[in-house]
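Residue numbers for the sequence shown follow the numbering used here, so the first one is 1 and each next one is one higher. C-beta atoms are modelled at their ideal positions from N, C-alpha and C, and glycine is treated no differently. Fair warning: this is a prediction, and the values are worked out from it, not measured in the lab. Reviewing the structure listed below.
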Amino acid sequence: MQTTKLVIVFALSITSAAHADVGVFAGTGQNLRQITIDSIQLSIIDVTVIPHRGASLFDGTVEGLDSVRYDCRFVLKNLTKKETEVKVGFPLDSGFAQNANTNSVLWVSEYDFIARDEKTTYHTTFEPKFVREGDFRYFALFTWNMCFGPREVKDLAVHYRLPMSMGLASTTKEGVPDKRDYRDSWMSLLECSLMEFAGYTTETGSSWAGNVEAANFKLITHGFEKYISQRGCWDEEVSGNAPQQKGMRPYTTIMRNPCEWHRDISPTGWIPTQFGVRWEHRNFKPKDPLTLRYYLLPIPRHAAAADQWIDDILSSVPEKKEHFKVLSQMEHVLLALYGQEPKDKEVLAFVSDQVWYKPQAKFERSKLTTDQEAILCKVVTRRDLAKPKE
């Protein structure tokens with residue numbers, strides 16, 4: 001019986017996430033990729049992406065990175081009447097793999113990597129190498145072998161876990177601070193965030209025979225969002241030697257306390273669910289990547305941190321006569337974050353450039369949380385105290 005050999009690839013690649021200035025890029029999940037011939041159809045894709053807290057404290061080190069779990073189901077059809085031997089690969093385009101050794105057990109276990117179908121759990125090996133094919137590149141490769149009978153359909157499950165990438169990021173829509181008037185004001189201190197991000201690249205699935213009959217993608221975000229709502233920029237409390245130089249003080253409080261965050265999901269067209277979001281496609285031609293970003297903002301989430309945060313902001317404004325104006329603008333910025341369109345032109349110019357600004361058509365202050373209202377009250381109280389005497 002004639003046998004055809006081909007290579008199928010699960011791709012894990014680093015993508016330079018938009019708006020990320022510096023950080024750790026651990027990669028994104030990807031669809032199956034077929035490299036040599038197109039006799040196999042990828043007919044069904046069913047992927048669930050679950051961000052969750054890492055095994056160690058989130059302390060700014062690689063060991064402390066949060067994680068993402070990928071639970072994937074791929075239905076593969078041999079379109080030929082020939083028995084086909086398949087080498088399946090999972091490329092790892094990651095800075096962690098550039099100096100990889102050949103210890104397969106360690107690498108496979110590090111990513112909790114499992115591949116299995118109805119009959120077989122596959123023995124996976126690790127092959128450190130560098131391969132470049134146009135824009136597609138990787139530093140290492142997990143591999144295993146599969147055999148398809150004539151017209152055989154296999155239901156392949158793949159499970160793996162990746163570190164969740166992290167970086168310092170601008171919160172401007174362009175990804176970098178611009179030169180508008182507010183850049184010289186205290187507002188520029190709020191343009192830097194800690195961003196955690198994960199993704200799933202679908203484009204590699206376009207290398208298969210025909211379109212995908214059905215593709216379903218789910219993000220389960222509920223549990224992770226409960227976690228980051230109770231965490232500051234770091235799990236560990238910073239020491240008394242936290243950075244005090246100009247431009248850094250507003251972050252000293254946020255490092256210790258829960259901070260506001262903004263979630264950005266692309267592409268659009270997702271459907272909200274009880275625990276996250278989902279996309280459903282039929283006759284799907286893989287193209288747009290799925291991207292999940294969390295911007296941890298230098299703005300306190302709880303009222304207990306508000307006074308110190310206000311002090312940190314005011315410390316960047318040496319002229320005390322300016323404090324009244326700054327505190328007035330702080331109130332408008334907070335209300336804009338909560339959903340109200342500001343009337344102050346300078347504040348409006350600032351927030352309109354921020355990824356987190358989503359004005360509500362019918363903003364209702366009565367729907368603010370107890371902490372949000374308390375933070376606003378603290379700002380207003382400090383503003384009134386700073387009001388110049390007539």
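With a 10 Å radius around the Cβ and a threshold of 16 neighbouring Cβ atoms, C377 comes out exposed.
Q41 is bridged by DSSP to K77. Taking every protein chain shown into account, the CB of Q354 has 16 or more other CB atoms within 10 angstroms, so this residue is buried. The residues A306, I310, L327, M330, E331, L334, in chain order, have a CB closer than 8 Å to that of V379 in the same chain once the five nearest residues on each side in sequence are set aside.
R151 counts as exposed, since fewer than 16 other beta carbons sit within 10 angstroms of its beta carbon. S43 sits buried, since 16 or more C-beta atoms from the chains shown fall within 10 Å of its C-beta. Apart from the 5 residues on each side of it in sequence, D46 sits with its Cβ closer than 6 Å to the Cβ of R73, N216 in its chain, given in chain order.
Under the three-state reduction of DSSP output, D371 falls in the helix class. A Cβ-Cβ contact shorter than 9 Å links R231 with P258. Cβ neighbours of E118 within its own chain (closer than 8 Å, five residues either side excluded): K154, D155. H52 is bridged by DSSP to S67. S328: member of the alpha helix (DSSP H) spanning 323–338, first to last residue. Of the residues T143, F58, M166, the one whose Cα lies closest to the Cα of F113 is T143.
Contact between L297 and E260 holds, since their C-beta atoms are separated by about 5 Å, short of 8 Å. Between the C-alpha atoms of W356 and G149 there is a straight-line separation of about 52 Å. Around the CB of Q372, 16 or more other CB atoms lie within 10 Å, so the residue is classed as buried. Counting the other CB atoms within 10 Å of its CB gives V68 a total of 16 or more, which places it among the buried residues.
Rounded to whole angstroms, the gap between the alpha carbons of Y294 and F363 is 24 Å.
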